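A short worksheet on the structure shown next.
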Amino acid sequence: MFFLKNLTHTINLHPSYFGANTSDYVKHKLFEDVSGTCSGLHGYIVAVLVVGSGEGPFKPQGTIQPGTGMAEFEVPYLAVVFRPFKGEVLDGVVTTVNKMGFFVEVGALTVFVSAHLMPGDMKFSEDSPPRFSRMGDDSMAIQKDVVVRVKIVGTRIDATEIFAIGTIKEDYLGPLAADRQATQKKTREKAQRCKCCDNRACKVFSF
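Its first residue numbered 1, the sequence shown is counted upward by one per residue in our numbering.
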């Protein structure tokens with residue numbers, strides 16, 4: 001799920017960057033430091049929308065550090081964050097398939113779907129490419145690069161990463177129809193070509 005979140009980030013700036021363009025350097029360093037990162041508390045930072053309080057032009061106020069001469073800035077910013085929750089339904093792309101299950105990439109999040117959390121009639125085949133499919137029907141097989149819909153049943157949160165467990169053992173989950181997959185692919189390609197920003201946000205959540 002996506003949220004708007006007010007966050008802060010500490011930036012240490014070398015004295016060589018002091019001057020009329022200090023605010024630009026602070027902004028650039030903020031984008032470089034936080035875009036695409038993950039906090040266990042808040043989730044993945046998809047995009048920074050506003051730097052500063054949002055009231056007037058951004059004018060950073062730093063504190064000189066004794067002994068180094070570097071300035072420390074506490075920079076507030078507004079960001080779009082993505083954090084998965086138990087029970088949430090997401091669409092993603094299959095990246096790896098093995099007899100234990102398959103991994104799905106949902107933007108920056110990796111979801112693992114165990115073979116035990118698939119319908120009972122889905123069987124693993126080691127043929128090239130490896131896949132899960134219903135007996136005698138490969139039209140909706142789960143293999144690499146296929147778009148699937150999964151439901152989150154659990155998450156593990158580390159300091160810098162979130163890992164999720166998903167299921168397709170419910171109605172309306174599993175591989176999507178071919179026309180839906182084609183639409184998803186075009187959307188991902190468009191996002192990857194996006195040149196609207198320099199903060200790598202388009203690489204963080206690709207569809």
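Cβ coordinates follow ideal geometry from the N, Cα and C atoms, glycine included. Quantities reported herein were computed from a predicted structural model and do not represent experimental measurements.
Residue i, enclosing beta strand (DSSP E) - first and last residue
| i | result |
| --- | --- |
| L4 | 2 to 13 |
| E74 | 71 to 82 |
| F18 | Segment: none, F18 is in no beta strand (DSSP E) and carries neither H nor E. |
| K123 | 122 to 125 |
| L30 | Taken as a continuous stretch (DSSP letters only), L30 belongs to no beta strand (DSSP E), being part of the alpha helix (DSSP H) at 22 to 34. |
| M140 | 137 to 142 |
| G154 | 147 to 157 |
| S133 | 131 to 134 |
| G62 | 62 to 64 |
Coil, strand or helix - residue i by DSSP
| i | result |
| --- | --- |
| V106 | strand |
| D179 | Interpretation of D179 is limited by its pLDDT of 48, a score under 50 that renders its predicted location unreliable; no figure is taken from the coordinates. |
| V51 | strand |
| L90 | strand |
| A164 | strand |
Among the options, nearest to residue i - alpha-carbon criterion
| i | options | result |
| --- | --- | --- |
| T155 | H28, D91, N21, T167 | T167 |
| V93 | V148, F163, G174 | V148 |
| F85 | D171, I157, K169 | I157 |
| F112 | F58, S139, I162, M140 | I162 |
| D33 | V48, T96, T22, L41 | V48 |
| E170 | D145, D137, G120, M140 | G120 |
| G101 | L30, Q143, S35, V46 | Q143 |
| L41 | Y77, G62, F82, F31 | F82 |
| T68 | N12, A108, V97 | N12 |
| V107 | Y25, L176, A164 | Checking the sequence shown, residue 107 turns out to be Gly, not Val. Of the listed residues, the one whose Cα sits closest to G107 is A164. |
| L7 | S23, G36, D24, G52 | G52 |
| T10 | N21, Q61, M1 | Q61 |
| T96 | L109, R131, M70, G87 | R131 |
| L109 | Y44, S35, D127 | Y44 |
Residue i, buried or exposed, once every other Cβ within 10 Å from all chains shown has been counted against 16
| i | result |
| --- | --- |
| S16 | exposed |
| M118 | buried |
| F3 | exposed |
| H14 | exposed |
| K59 | exposed |
| V89 | exposed |
| K151 | buried |
| P129 | exposed |
| V204 | Per-residue confidence for V204 stands at a pLDDT of 49, beneath the threshold of 50, marking its modelled position as unreliable; no derived number is given. |
| K27 | buried |
| M122 | buried |
| S139 | exposed |
| G19 | exposed |
| P175 | buried |
| H116 | exposed |
| Y172 | exposed |
For residue j and residue i, believed in contact at Cβ under 8 Å, the rounded distance
| i | j | result |
| --- | --- | --- |
| E74 | Q65 | Not confirmed; about 13 Å, so no contact. |
| S133 | S125 | 7 Å |
| G54 | L30 | The Cβ separation is near 14 Å, so there is no contact. |
CB contact below 9 Å: residue i versus chain C
| i | result |
| --- | --- |
| I165 | Absent from the structure: chain C. Only one protein chain is present. |
The ligand HEM heavy atom lying under 8 Å from the CB of residue i
| i | result |
| --- | --- |
| T10 | In terms of ligand content, the structure shown is empty, and the ligand HEM therefore cannot be addressed. |
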